[in-house]
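Notes for the one structure printed next.
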Amino acid sequence: MPINNGQKLMFFLPDFESELRIPFINEGVSAGFPSPAADFMEMSIDLNKQLSENPLATFYIRVKGNSMIDAGINDKDVLVVDRSLEPQNNKIAICFIDGEFTVKRIQLEKDCFYLMPENPNYAPIKVTEENQLIIWGIVTYVIKKV
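Note that full-length UniProt numbering has the sequence shown beginning at 1, numbered continuously upward.
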């Protein structure tokens with residue numbers, strides 16, 4: 001269910017009541033040399049539960065823009081965000097700054113706080129006393145189409 005926040009980002013709540021079971025092969029797949037064929041047991045997985053360590057604090061957010069492409073976050077990707085995690089240096093966060101949402105990497109320096117893009121075409125945002133900033137949540141997963 002989408003939540004319209006009046007901004008460019010679109011927020012979604014996970015559906016933990018879903019009965020959709022997706023087939024899941026737990027054995028792993030070789031990304032190097034092919035491995036010998038092995039018997040495997042097909043199980044099912046619920047991605048809402050798998051990607052949410054703290055279900056009541058988890059949201060999905062669709063990205064709009066390219067400021068984080070060097071972190072593997074592209075336009076239209078879906079981010080899994082946990083609002084219960086503490087902001088830490090170098091974590092990627094959903095930030096609400098001066099009335100707008102953005103996704104950036106947190107960078108703490110001696111007397112400065114920056115919101116860092118991961119694209120050289122975008123400038124870092126230096127957070128000062130004049131800014132209103134809320135670290136809304138920490139990005140835990142990126143879901144993308146390949």
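Note that beta-carbon positions come from the ideal geometry of N, C-alpha and C, so glycine has one too.
Comparing alpha-carbon positions, the option among 58, 85, 89, 90 lying closest to residue 78 turns out to be 58. Per DSSP, the unbroken alpha helix (DSSP H) holding residue 50 starts and ends at 47-50. Here residue 108 carries a strand assignment [DSSP, helix/strand/coil].
Comparing alpha carbon positions, the residue from 138, 107, 18, 71 closest to residue 101 is 138. Within the same chain, 118, 119 come within 7 Å of residue 69 by CB-CB distance, once the 5 residues on both sides are set aside.
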